[in-house]
Structure formats: structure tokens, C-alpha cells
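Per my numbering, the sequence shown runs over residues 65 to 461.
Note that CB positions come from ideal geometry on N, CA and C, so glycine has one too.
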Amino acid sequence: MKRKVIRGAMALFILLAMVITQSISVSAAASKFVTSVNTTNKVVALTFDDGADGANTNKILDILAKNNVKATFFLTGSGANNHPQYIKNIAAKGHQLGNHSYTHPDFTKLTATQMKSELDRTEALIKSLTGKTTKPIFRAPFGAVNSTVLNGVGATGYGYTIQWNIDTIDWKGLTASQINTKVQTNIKPGSIVLMHTGAGAPGTPLALPTMISQLKVKGYKFVTVSQLLAYQNISTNKTYTVKSGDTLYSIARTYGVTVSALAAANNITNYSLIYVGQVLIIPGTTVTPPPSTTVKYTVKSGDTLYKIATMYNTTVAKIAAANNITNVNSIYVGQVLIIPTTTVTPPTTTVKYTVKSGDTLYKIATMYNTTVAKIAAANNITNVNSIYVGQVLTIPK
């Protein structure tokens, strides 16, 4: 009898553990995919991916220091093992640190457990070397991302998956002039520029001085990724709770949006899989609220970021981003915080473009400084490889 009771209790415990585990995984928010930030403010984030050799790291750090520029470095665990002092130098110079995995695998081919291992190992190593966290920003090796990756990365504590809108492809051995031309030609407010620290990108340290000086002449300010995120759009989106008989098509038609836009806003990959009671975000117009003025606040005993954010009618995330704080629980008495305040500007208008021979969505998106995903959503395109000559596309700005 005792054995039956024990076996029953063990079974109940295992079932409860499974339910709790499932509940945690379901409730974990997916990582937000960011290629750039829509803003009228001339801000740009220079980012560097650090691989196994990091040969040009110290050259890059010297140039950034001379020009008083703070950047963001996405670090690999293998690189940190190979050149730990370089990683310490990056942190010591006050640059932001992000996670770029341990062994640089294609995350779309990993299980959630494998993703977590890659991220956790790198985070632990970087913390041991610098005392700083790589959270909440991650960059996928090869830029390989899908909804499974975003869910797995988000569950591990990385709220933002940072892509780019300007790829210098410096790793191909481009000259300094070619690298700089790519940046100057494609720059827009809110840009994220991708570069590398390795020996395979010898043109990068040569390009940086001219690149920085020319961007400064154009009025650009250099910020870290977390600071850049403080400039991103505030949405006027509504929510809708799915009812019996609803389909994504019927909901999209009701609210005057496209199915693809609705799916994208809710990270839905299978249009047929929605369920009763599911709360959907209905994408509407967005407005850009650039920080127009700031105030400063000195931390007092008993203060928390939440308390300060409530006091100034802002959010913890915005204060953290404005002050490059990666651990929202780590503030100290006497610390002077920048409190961002915002002004709302009207949404931008759209333009039309007629597809020509040889065009691709990527080429058109690059031409208009937008993203493939935005063009696809604006035109209800489900297959981004299927556009045709003469097709008139709405280009969202």
C-alpha cells in the first residue's frame, strides 16, 4: 500500500513539474527582432561581431576612443576563450556587450536546449571576465532567425535579437573606401551597422575614422544598441480576443489590416493556428516619439527603477536604455540617471513602387531604407520571393 502511495505521489509530482515547466515556457516572451529603429533623430549604432581571432579589436577600440564613440560588441564564447584580454578591454572602454553564441552555429538548426546552452555558456564566461552581462541583446550567427529562434532566445532572457539594416560585408575583405561607401549610401536615422573585428575584415579599422567623421558632419550621434532602442516606435495597436469561428482572415478584414501584418505582429507562422481566448495584437499606425528633452535624477536610498519610472510617468525599459543599464536591479545611491521624456510626431506617409525586371524585395527594401518584412506586410505578401514585373508595391516608411 505504501509503495502505491509513494508511486502515486511521485507521478503527481512529475505531472506537476511538467505543467509548471510548460507554463513557464509558454509565458516566456519571444525575443523582439530589430533591424533598425524608426526615428527622425540622427542616431546610429555601430556594432561589431567578435569571432575566434578578434585581430583588429584593439585597433578598433583605439579609433572609437579617439572619436569619443561608444559602440556595441557581440561576443562569442570561443572568441572570449581565445583572447580574453581583448574582451576585458572592450568592457573597460565602456562599450555595450551582446551575446553572439559560444560556437557560432546556425540557431535555426538547434533545439531550445542547445540554444540555451550556447547563450548561457557565453554569458557565464563574459561575466567572469568583465563582471558585465550580455543581456538583453543577442545577435544570431549568420543572421539566421525564425520564430523558433526568437522564442528560444527570449526564454533564455534575451529580449532583443539585433539584426542590422547596413551590412558592410567587411568580412569579404572589402577596402576601406568600399565599406565607408556602403555606410554613407544607406545611412538613415536609427540605423544599425554591422562590422567585424577579425583579421578577415582588414578594411574596417581603416574605414572607421573617415566613416565616423563623415557621419558626424551629417549630424549623426553614435549610441549603443540599448540607447538606440529608446528611440523606437510607440504603437497605437489594439488587442482582440479570439472567439469561436474566428479566422485570421475574418479578424484582419474586420480591422482593415492584412493577414500577413496580423500574423507578423503576433509571431504567427501558421495562419490556421489560432485558438479561442487568444489575445491578438491588431497592428495599427505607429508614431515615432523621439526623446526631445531629458531630465536628470539622483538615486536615493530605497529607490528602484520601477519607482523612479512611475514617478516620471515613463517605463523601466526606457530609463535602462537611456542609461545603458543591463541589470535593472543594479542601481546605487548617488547614481545620476537620465530620465527620457518624449514628444510624439505624426506617422510618415507611404510611397508606391512599380517592380522592374531584376528587382527583389531585398533590393527594393534597401533602396527605400526599410525592411523586407515591412514591405511584405504592407502588401499582403506571404512568399517574399514571389513578386512580378509591373506589380505596384506600397513602400512603408
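Helix or strand or just coil, what does DSSP make of Ser255?
strand
Where Asp184 sits in the DSSP three-state scheme:
helix
Against chain B, does His159 count as a neighbour if the rule is that its beta carbon must be under 9 Å from one of theirs?
Looking at the structure shown, chain B is missing, and only one protein chain is on hand.
Closest to Gly162 by CA distance: which of Thr140, Phe206, Val107, Met259 is it?
Thr140
Sort Ile402, Pro200, Met275, Thr435 by Cα distance to Thr232 and report the nearest one.
Met275
Between the C-alpha atoms of Gly283 and Asn447, what's the straight-line distance to the nearest angstrom?
38 Å
Rounded straight-line distance, which links the Cα of Gly158 to that of Pro404:
21 Å
Same chain, Cβ closer than 8 Å to Ile395, neighbours up to 5 away in sequence not counted
Val363, Asp367, Thr368, Leu369, Ile389, Leu401
Decide if Lys173 is buried, meaning its Cβ has at least 16 other Cβ atoms within 10 Å, or exposed.
exposed
Contact belief for Thr435 with Thr99 at Cβ below 8 Å, rounded distance in angstroms:
5 Å
Leaving aside the five residues before and after Tyr319 along the sequence, list all residues of the same chain whose C-beta is less than 6 Å from its C-beta, in chain order.
Ile346
Let's see if you can read the secondary structure: which residues bound the alpha helix (DSSP H) around Asn244?
240–250
Using the C-alpha atoms, what's the distance from Tyr304 back to Ala208?
31 Å
Burial state of Asp113, where buried means 16 or more other Cβ atoms lie within 10 Å:
buried
Taking the alpha-carbon positions, what's the Thr546 to Tyr432 distance?
An answer regarding residue 546 cannot be provided, because it is not within the stretch 65 to 461 covered by the chain.
First and last residue of the beta strand (DSSP E) that includes Ile459?
456–459
Of the choices Ile256, Ser241, Gln278, Thr424, whose alpha-carbon is the least far from that of Pro266?
Ser241
Using the three-state DSSP reduction, which class does Pro269 fall into: helix, strand or coil?
helix
Asp234 classed as buried or exposed, judged by whether at least 16 other C-beta atoms fall within 10 angstroms
buried
Taking Cβ to Cβ, would you say Ile338 is nearer than 9 Å to Val289?
no
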